[in-house]
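Below: one structure, written as structure tokens.
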Amino acid sequence: MSQSSSDALGAAVAIPAVLGYKSPQSRPQRRFAFRVNSDTLLQGAALMGALCILLMLASLLAVLFYAALPAIRNFGFGFLVSTEWRPNELEQPKRGPDGKILIQDGETVMETMPPAFGALPVIYGTAVSSALSLLFAVPLSLGAALFLIRAAPRFMKGPVSFLIEFLAAIPSIAYGIWGLFVLAPFLQQYVEPKLKTMLDPVPGMHWMFQSEVMVGAHAIMRPLSLTGRDMFGGSLVLAIMIIPIITAISRDVLNQVPRAQIEGSVALGATWWQSSKEMLKFSRSGLFGAVMLGLARAAGETMAVTMVIGNNNQIVPSPFAPAQTMSSLLANEFAEASTTLHRAALCEVALILLLMSLIFNVVARWLVVGKNSRAGATH
Amino acid sequence: MNMASTSMNDVIARWTSRAMLGICIFFTVLILALLILVTGYLVSIGFKSISWSFFTEVPGGDPEHPGGMRNAIEGTAILVGLAGIVGIPMGMLAGIYLAEYSTGSRLATPVRFISDVLAGVPSIVVGILGYELLVVPLGSYNGWAGALALAFIMIPIVARTTEEMLLLVPNSYREASIALGATKARTILQVVVPSATGSIITGVMLAIARVAGETAPLLFTALGSRLLTRNPNLPFPSLTVQIFAYATGPYEPFKRQAWAGILVLISLIFVLNLVIRYVTRGRRA
Amino acid sequence: MLALLKKTALAVAVLGSSVALGQVRLQGAGATFPEPLYKKWVTAYQAKSSQVMIDYQGIGSGGGIKGITEKTVDFAGSDAPLSKSELEALGGADKVVQIPSTAGGIVPAYNLPGITTELKFSGEVLADIYLGKIASWNDAKIKELNPDVNLPATAITPAWRTDGSGTNYVWTNYLATQSEEFKGSVGTGKAVKWPVGQGGKGNPGVAAIVQQTPGAIGYIEQAYADQNKIFYGSVKNKNGQFVKASPAAVSVAGAGAVEMMKGSVIAADIWNQPGDQAYPIASFTYLIVYKDLGNVKSKEQAAALVDFLKWAVHDGQQLSSELDYAPLAAGVQAKVDAAIATISYKGSALAQR
């Protein structure tokens, strides 16, 4: 009892104290009859700060879970594997077991299909866009990190590091606006038509430039319109955004490699690349962690993706089709979702996104931080 | 024979090495070129679009009178300020706990780990938390919810940098202070924290730089407003949300405002990064 | 230390109230369809009553209805009249006042570089485009309507709304009257699942996609197309005539609206109306408030809201046609006036200003 009351008091005292405010020593304590040890106070306050961090994660999980509950109850596990995301009711002619439309007393029998929510398209969109962005970003970032650590002249290291850290700090909306107005039109006008003329005639590549559309019960194939605002464009913007992050962390990880490790192999006559390979191999778990952090960032990124990915809530195999990620779905629909179920479904998507990012981050920290004592995460 | 094949392998190895080095250099140049291209474009078009009225006027009613983004700039400043009032002390306390009180505590490892993990939580998810916690109960989109979401993002960053910076303070300072008869609290507040102030400010600025550019957590919390708003009980304007709305719309005059807004954001982050660099100089590899 | 905390609290309080001194602030949100007009209204109204500040956030009709239901806004804008379940969520039909504020036409806007002749569309062709059945601009069905235009083989990118939208509601309902297939596979509603194309947020988002994408088509309120000089076509109406959207053509479509507004519900669906001059994809847009404004903070605020509504449906109508919206007809206006007169604040009638 007394412990908890001194905790609360501790917070009130410690905040101004930390901000550099000193209460005049001469003034006697009037309000509180009991004397509180300043050590207990600060320790209590600090403990409260630490508990606050635990509370934050707990509240995040609890609130989202609670808000998602109607959807979890309604759809169960099917939510994760259903591809249908249809917020409206649909009136359709009822079909019999033989697939024929039922007709009764000369009139078509209608049935109302309730709204349906399935997360598979956005899970797919997030997975593919993140994976593609890693495909673009990882080789570039690792190459650059290796160069910075092992080959760059001393005078270059500082400015280049600064530049990369600055670029990692640029807000995603800036990359998004660039993607929307510069990258997407460029892809639309030059890159994608050229890729189409190059790849489309190649046997087995045709799927990249068409999509299947279901009209009623039958499917038709139609050519994709190449707009630059698609999975490909979204992944490129993501890649540009995560390159500085992966580069910066990989550089830190490579910097941890003991000098002796490398000098030894160089002394034995290894070439630059052979010893670099040693270095990469030595720090592979840390580098993998760096990649995971990039992945976590890519998977959770919202603004840039929303502006460039095309916002189509469907699974289309082609990278040149518009897609949707979990975060862009939330940005697009959350403020306007007017039915309880729609909102709960969005909250469940948010919960999945949170759990996924927690897993990525936990694995990454374990790899980057766990092996070295030092924290590798820079922003 | 054997000699020849070894030297042949050597040659291949040497050439592979040169090629790989070349590729690494090429990648570095490519990255830098790409990123300079992106920021260079944003900055140059921003300069073309910015004007004095951008800072002094509020948005106008129609595309012929686009006005400025004064409300949004002030809005972001107030939101970040409010978030800082909560987030900075909280984060610092957690950092102090991790650095000074964690010995023998079973709490330290999970707290350290979770604050790292929290720093990587998608910010849009934090926005939904803000919506559920402060928008629904208060009955209106409001500035508080936006500030809460931003504070949520600040706390783990401030906590971890504070811890790291406090750990850099030599233990001899603490020992000397204790030896002179100071209590642990006094030692921390008057010796350890002050000697790390510069670096802690870095962490604070890092956190500010991060949240000032956040858009996603504000979409469903502060929502945005076209008016000059200083009452956090109301829907609250912010630079990023307004940029997003302008950029995704069809109106040229408003798009120019978005570019100018991006320039303001990038300049802010550039300056903060320069300061951070200056404060932590000599401490980095 | 307590003093410092007090100071902070005080500073925050002062910060909060400095704007509120002598000023009334109204918060609205919802449809983007009338947003260009509402922004004009707000500016004009503020010139008249400088103590009233009005903020309208165009977040989509669905968002507006959600906002008024959860009482997060003082008034909502929606292009779709409240549905039965939405009315229930608001506490029943006798708890809310829903008034048409203006009417407008939703136009099929497109981006086809080099084509300067105005294209003709029919509801069936538009439905097939949005179903994905028509994939390129030189499809036989489009050619049939536009025999004189040299249509390119460009692929069509249908652009649509990602948010809960009254424009969606009107557009899907209209297309559902034109194509059974559309009705059965996409259906109607404020948010639906589109089989093909790209999503944008709000009318502005769709307009921006059309603007930036050669080959794109989108449905937007006429004002967005006019203000941004985006081409749009004429649409075949119920009488078989091709009509281009205009305030006059929308007014013709709305001519029968008064008879359709039965009882206390002042709402009418005016798409696909008869009349040679009637524009087929026309719609009212509505303002929604609680009949008893107990949700707003003060009587002063409630009075200001009522005054704004009155001003909007009378003086505001002159601004409508400037932005190519159709002003309310006299018969509708009379019904709206009667509805506004029933609004009260915590049981007491609001002073008739």
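If you read the protein sequences in the order shown, they are chains A, B and C.
Mapping the first sequence onto my numbering, position 47 (from 1) lands on 47, and the numbers just tick up by one.
Mapping the second sequence onto my numbering, position 276 (from 1) lands on 276, and the numbers just tick up by one.
Mapping the third sequence onto my numbering, position 278 (from 1) lands on 278, and the numbers just tick up by one.
Positions of the beta carbon are idealized from the N, C-alpha and C atoms, including for glycine.
7 Å is my cut-off, CB to CB: does residue i come that close to chain B?
| i | result |
| --- | --- |
| residue 23 of chain C | no |
| residue 271 of chain A | yes |
| residue 324 of chain C | no |
| residue 29 of chain A | Residue confidence for residue 29 of chain A is low, a pLDDT of 46 falling below 50, so the modelled location carries little weight and cannot support an answer. |
| residue 32 of chain A | Here residue 32 of chain A scores only 47 on pLDDT, less than 50, and its place in the model should not be relied on; the value that follows carries that caveat. By this cut-off, residue 32 of chain A is not an interface position. |
| residue 339 of chain A | no |
| residue 25 of chain A | Reliability fails at residue 25 of chain A, whose pLDDT of 44 lies under 50, so the model's placement of it is uncertain and the value that follows must be treated cautiously. No - not a single Cβ of chain B is within 7 Å of the one on residue 25 of chain A. |
| residue 43 of chain C | yes |
Just to check my reading of the structure: residue i and residue j have Cβ atoms closer than 8 Å, yes? What is that Cβ distance to the nearest angstrom?
| i | j | result |
| --- | --- | --- |
| residue 24 of chain B | residue 299 of chain A | In fact, because the Cβ distance is near 27 Å, the residues do not count as touching under 8 Å. |
| residue 231 of chain C | residue 109 of chain C | 7 Å |
| residue 95 of chain B | residue 159 of chain B | 5 Å |
| residue 63 of chain C | residue 29 of chain C | 6 Å |
| residue 327 of chain B | residue 296 of chain A | There is no way to answer for residue 327 of chain B, as the model of chain B reaches only from 1 to 285. |
Could one say the Cβ of residue i lies closer than 7 Å to chain C's Cβ atoms, at least one of them?
| i | result |
| --- | --- |
| residue 248 of chain B | yes |
| residue 310 of chain A | yes |
| residue 140 of chain B | yes |
| residue 150 of chain B | no |
| residue 67 of chain A | no |
| residue 225 of chain B | yes |
| residue 47 of chain A | no |
| residue 336 of chain A | yes |
| residue 197 of chain A | no |
Could one say the Cβ of residue i lies closer than 7 Å to chain A's Cβ atoms, at least one of them?
| i | result |
| --- | --- |
| residue 204 of chain C | no |
| residue 171 of chain B | no |
| residue 213 of chain B | yes |
| residue 9 of chain B | no |
| residue 95 of chain C | no |
| residue 285 of chain B | Confidence at residue 285 of chain B is low in this model, with a pLDDT of 36, below 50, so its placement is unreliable and the value that follows should be read with caution. Closer than 7 Å to some Cβ of chain A, the Cβ of residue 285 of chain B qualifies, so yes. |
| residue 42 of chain B | yes |
| residue 192 of chain C | yes |
| residue 93 of chain B | yes |
| residue 57 of chain B | no |
| residue 268 of chain B | no |
| residue 66 of chain B | no |
Output, in chain order, the set of chain C residues within a Cβ distance shorter than 7 Å of residue i.
| i | result |
| --- | --- |
| residue 214 of chain A | 195 |
| residue 63 of chain B | 227 |
| residue 227 of chain A | 157, 198 and 213 |
| residue 322 of chain A | 198 |
| residue 136 of chain B | 70 |
Can you name the residues of chain C whose CB is closer than 8 Å to the CB of residue i?
| i | result |
| --- | --- |
| residue 220 of chain A | 132 and 133 |
Taking residue i as the query, report the chain B residues whose CB atoms sit under 9 Å from its CB, ordered along the chain.
| i | result |
| --- | --- |
| residue 110 of chain C | Per Cβ cutoff of 9 Å: no residues; residue 110 of chain C is ~14 Å from chain B at best. |
So which residues on chain A does residue i lean against when the C-beta distance must stay under 7 Å?
| i | result |
| --- | --- |
| residue 374 of chain B | In the structure as shown, chain B begins at 1 and stops at 285. Residue 374 of chain B is therefore absent and cannot be evaluated. |
Using a cut-off of 9 Å between C-beta atoms, extract the partners of residue i located in chain C.
| i | result |
| --- | --- |
| residue 235 of chain B | 27, 29, 55, 57, 72 and 73 |
| residue 325 of chain A | The premise fails here: residue 325 of chain A is roughly 13 Å from chain C at the closest Cβ pair, so nothing lies under 9 Å. |
Against residue i, what residues of chain A qualify as contacts under a CB-to-CB distance less than 9 Å, listed in chain order?
| i | result |
| --- | --- |
| residue 211 of chain C | Under the 9 Å cutoff, chain A gives no residues; its nearest Cβ is about 11 Å from residue 211 of chain C. |
| residue 101 of chain B | 42, 43, 46, 47 and 50 |
Does any CB atom of chain F fall closer than 7 Å to the CB of residue i?
| i | result |
| --- | --- |
| residue 277 of chain B | Looking at the structure shown, chain F is missing, and the protein chains on hand are A, B and C. |
Along chain B, in chain order, which residues have C-beta atoms closer than 8 Å to that of residue i?
| i | result |
| --- | --- |
| residue 178 of chain A | 38, 41 and 42 |
| residue 207 of chain C | 249 and 250 |
**OP:** Give, in chain order, every unbroken run of the beta strand (DSSP E) that is at least 3 residues long and sits entirely within the stretch 195-256 of chain A.
**Re:** 210-215 and 218-223
**OP:** Counting only runs of 3+ residues fully inside the stretch 311-353 of chain A, write out the beta strand (DSSP E) ranges in chain order.
**Re:** none
**OP:** Go through the stretch 39-103 of chain A residue by residue and report every complete run of the beta strand (DSSP E) that reaches 3 residues or more, in order.
**Re:** 90-93
Original post:
Counting Cβ pairs closer than 8 Å, one from the stretch 261-268 of chain B and one from the stretch 45-56 of chain B, do we hit at least three?
Top reply: yes
**OP:** Output the residue ranges of the alpha helix (DSSP H) runs that lie fully inside the stretch 109-133 of chain C and measure 4 residues or longer, sorted by chain position.
**Re:** 123-131
Original post:
How about the stretch 217-228 of chain B and the stretch 236-251 of chain B: do they share at least three Cβ pairs that are nearer than 8 Å?
Top reply: yes
Subject >> Three or more C-beta pairs below 8 Å linking the stretch 134-141 of chain A and the stretch 226-242 of chain A >> reply: yes
**OP:** Go through the stretch 114-188 of chain A residue by residue and report every complete run of the alpha helix (DSSP H) that reaches 4 residues or more, in order.
**Re:** 120-150, 154-169 and 172-178
**OP:** Could you tell me whether the stretch 46-54 of chain A touches the stretch 80-87 of chain A, using the rule of 3 or more Cβ pairs below 8 Å?
**Re:** no
**OP:** Jot down the residue ranges of each uninterrupted alpha helix (DSSP H) in the stretch 140-213 of chain B, minimum 4 residues, whole runs only, in chain order.
**Re:** 143-168, 171-179 and 197-212
Subject >> At least 3 beta-carbon pairs within less than 8 Å: the stretch 59-79 of chain A vs the stretch 116-129 of chain A >> reply: yes
**OP:** Go through the stretch 251-339 of chain C residue by residue and report every complete run of the beta strand (DSSP E) that reaches 3 residues or more, in order.
**Re:** 282-290
Original post:
Does the pairing of the stretch 268-275 of chain C with the stretch 37-51 of chain C give three or more beta-carbon distances under 8 Å?
Top reply: no
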